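Asker: In my numbering, the protein residues as written are 24 to 225. Using N, Cα and C, we set each Cβ at its ideal position, and we do this for glycine too. Computed from a predicted structure; not experimentally measured.
(1) Residue 154: buried (16+ other C-beta within 10 angstroms of its C-beta) or exposed?
(2) Between the C-alpha atoms of residue 37 and residue 59, what's the straight-line distance to the nearest angstrom?
(3) Are three or more beta carbon pairs between the stretch 65–78 and the stretch 95–102 nearer than 8 angstroms?
(4) Quick one: what does DSSP say residue 69 is sitting in, helix, strand or coil?
(5) Mind checking residue 196: buried by the 16 CB within 10 Å criterion, or exposed?
(6) May I have the straight-line CA-CA distance separating residue 86 from residue 45, to the nearest angstrom?
(7) Kindly give me the distance between the Cβ atoms of residue 126 and residue 112, rounded to whole angstroms, as I take these residues to be in contact under 8 angstroms.
(8) Taking 7 angstroms as the limit between beta carbons, can you name the residues of its chain near residue 49, skipping five residues before and five after?
(9) Relative to the alpha-carbon of residue 8, which residue among 81, 53, 54 has its alpha-carbon at the smallest distance?
(10) Thinking C-alpha only, which one of 207, 131, 161, 147 is nearest residue 175?
Here's what the structure looks like:
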């Protein structure tokens, strides 16, 4: 990280650094959490009056506006974008120590779209489930009424007989987590869901 900061001697170079981290995070979902932590460390780094954080938020905004295109042309990139968006929200804080409220509505929109995705149902629901497990509490604290609407959509989908067993199991786990105020489920309950999901994906 120090090497990156030392080499960023112009706004163009800083933009290249942000772009490299961003593209890696979006193309490889397993790197998203690490990338968000890295971005948090570099958030206030500034070159020629331009902050690392501002460039990152601009890239997130750009992909949010073109997410429909991403969904149609590159599903993995679409899922990667949503994963990274949620990780940034869950990890990064403003200079006042607050989460980026500007990301809350876009995240709710993306999670709702994951539930409604007709093409990659199970991958999209898995992504939605995982992000709600990690950021659900924080999202609900920021805009509880939108969480109420999202969970109503989760319940509707879970009760739909045409949905797969895997989809319904993933969504049931989200509902249980919410009932536990987003606290980790008991070990036996978690083990049950893990066994069920493993059977359904075997």
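Answerer: With the structure as the only source:
(1) So residue 154 counts as buried.
(2) Looking at the two C-alpha atoms, the distance is approximately 16 angstroms.
(3) Too few Cβ pairs lie closer than 8 angstroms, so no.
(4) Strand at residue 69.
(5) Residue burial annotation: residue 196 is buried, with at least 16 other C-beta atoms found within 10 angstroms of its C-beta.
(6) Per the coordinates, the alpha-carbon of residue 86 lies some 11 angstroms from the alpha-carbon of residue 45.
(7) Right, their Cβ atoms sit about 5 angstroms apart.
(8) So the qualifying residues of the chain are 100, 103, 104, 107.
(9) Residue 8 lies beyond the range of the chain shown here (24 to 225); nothing can be said about it.
(10) It is 131.
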